[in-house]
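These notes concern the structure reproduced below.
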Amino acid sequence: MHDPIAWPPAWPRVLDGECGPPAAGDYRACPEDFAVEECLDFAPQGEGEHLWLWIEKRDLTTAMVARELARLCEASPREVGYSGMKDRIAVTRQWFSVQLPGREAPTALVERLAALGIRVLDQGRHPRKLKRGVHRANRFRLRLTGAAVEDPGFTARWERLCRHGVANYFGPQRFGPDGRNLLRARALLARGWRKRDDRDGMLLSAARSFLFNELLAARIRAGSWATPLPGEVVMLDGTASQFSVEAPDAELSARAERLDLHPSGVLWGSGGSVAGGEASAFEAALPERYPALCGGLERAGVRLARRALRLRLADPALERGDGELWLSFALPRGAFATAVLRELIMHPGL
7 MHDPIAWPPA WPRVLDGECG PPAAGDYRAC PEDFAVEECL DFAPQGEGEH
57 LWLWIEKRDL TTAMVARELA RLCEASPREV GYSGMKDRIA VTRQWFSVQL
107 PGREAPTALV ERLAALGIRV LDQGRHPRKL KRGVHRANRF RLRLTGAAVE
157 DPGFTARWER LCRHGVANYF GPQRFGPDGR NLLRARALLA RGWRKRDDRD
207 GMLLSAARSF LFNELLAARI RAGSWATPLP GEVVMLDGTA SQFSVEAPDA
257 ELSARAERLD LHPSGVLWGS GGSVAGGEAS AFEAALPERY PALCGGLERA
307 GVRLARRALR LRLADPALER GDGELWLSFA LPRGAFATAV LRELIMHPGL
């Protein structure tokens, strides 16, 4: 028995109720329109068996760069590290590491990478491999064109996102073209998830992301996506720190208004949710509606986690040009710039 999944999903935008639907717009017409820079809180120490490389890539996935590093350094793919997966159609900067115990980097490594369109901007040694998910944030600079650029309501939409935050949806790239990753995940979970069928956990992630987006959509429709409810688990802005709230008071509501903290939603897995009261009712609806997805994730051994329902745009800026707009902002790791764009422009890819 399959859970009912309609694609594309009708996940609501926050601003439509106040501002109406956005005008049509375009983004990422070429890689230079979508720039991403990974932000770490530390730098290589200058010594150790791991060579760290600060790399700029264009029209390449993170996995492609990792494979080339392993090949050129004659290393196992397991000996190459990176923190986050970055978009292909973009110009992105991020750190990579490759383990080179007792040996120097291959001769002309920088030049050989450059021939593949991979620029090394800095490098240094470090005692440890770069682990997944250790970066703090990503900084974006995006170019928009189309009717939305001339829409007199665009600035009001942007300013409202800056003041009140953005719904923290997982972006469409998580689900693959036409939701195929999600459909594959549903089939795999139905017959029993096995590591060999999903080595990087992409399909498990697609299933959890879909369930989270469904929960967030329900909270938006109920008008409570940015407001802590009784029994809420709130998360401090920009961190994984969380605590339960039995009954929100004026001080907590004021902190939520200032974007100091955010309501959170469940990333489905085994282990009981700590949400209670009104907040738990939204989470309890997920296994009722999607029993196969929820049950399959639990049987796969995925541990329950939480994710903020809302994002704060850090250091936002808007620049107008001739028939174009440039947006700049930073988001915490795991957040999607497409979640911001879907509130600002109408585009089939959002």
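Convert by adding 6 to the 1-based position in the sequence shown; the result is the number in the working numbering.
Ideal Cβ placement from N, Cα and C applies to all residues, glycine included.
Predicted model, so just to flag it, every value in this text is computed and none were measured.
- Taking a contact to require three or more Cβ pairs closer than 8 Å, the stretch 143-157 and the stretch 30-49 qualify as touching.
- In the structure shown, the three-state DSSP call for F146 is strand.
- For a cut-off of 8 Å, the C-beta gap from H141 to W58 is around 13 Å, too long to register as a contact.
- Listed as beta-bridge partners of Q248 by DSSP are M241.
- Listed in chain order, the non-local C-beta contacts of A343 below 7 Å within the same chain comprise F146, L148, L337, local neighbours out to five positions each way being set aside.
- When the five nearest sequence neighbours on each side are left out, the beta carbons in the same chain lying within less than 6 Å of the beta carbon of G123 are those of R64, in order along the chain.
- Per the coordinates, the alpha-carbon of V126 lies some 49 Å from the alpha-carbon of P254.
- Boundaries of the beta strand (DSSP E) harbouring T98: 97-105, taken from the DSSP string.
- In the structure shown, K201 falls within a helical segment according to DSSP collapsed to helix, strand and coil.
- Assigned with DSSP and collapsed to three states, H170 falls in helix.
- Spatial neighbours of G159 in its own chain (CB-CB distance under 7 Å, excluding positions within 5 residues in sequence) are listed in chain order as C25.
- A120 has its alpha-carbon roughly 12 Å from the corresponding atom of L78.
- Assignment of I124 by DSSP, reduced to helix, strand and coil, places it in the strand class.
- Here the stretch 268-287 does not lie against the stretch 326-341, with fewer than 3 beta-carbon pairs under 8 Å apart.
- Cβ-Cβ distances below 7 Å link G177 to F342, T344, A345 in the same chain, with the five nearest sequence neighbours on each side left out; the list follows chain order.
- For R312, the enclosing beta strand (DSSP E) stretches over residues 311-314.
- Judged by their CB atoms, P293 and S259 are not nearer to each other than the 9 Å cut-off.
- Under the Cβ criterion (8 Å, minimum of three pairs), the stretch 11-18 counts as touching the stretch 178-191.
- Rounded to whole angstroms, the gap between the alpha carbons of A311 and T113 is 44 Å.
- In terms of CA proximity to L315, Y175 leads the group E304, Y175, E110.
- Distances from the alpha-carbon of V240 to those of K135, A228, D47, A262 put A262 closest.
- Per DSSP, the continuous alpha helix (DSSP H) segment holding L209 begins and ends at 208-228.
- Taking each of R118, E117, W17, G139 in turn and checking the Cα distance to G340, the smallest one comes out for G139.
- DSSP links G130 through a beta bridge to W58.
- The stretch 261-320 is shown to contain whole alpha helix (DSSP H) runs of 4 or more residues at 283-295, 297-305, in chain order.
- Around the C-beta of K92, 16 or more other C-beta atoms lie within 10 Å, and the residue is accordingly described as buried.
- Nearest neighbour of S211 by Cα position, chosen from F288, R180, L115, W17, turns out to be R180.
- Proximity to M352 across A154, A49, R200 peaks at A154, based on C-alpha coordinates.
- When rounded, the separation of the alpha-carbon atoms in A196 and E220 is 20 Å.
- Pairing P269 with A256 gives a Cβ-Cβ distance that is not under 9 Å.
- Put simply, the backbone Cα of E74 is about 24 Å away from that of Q51.
- Between the alpha carbons of G301 and G130 lies a distance of about 45 Å.
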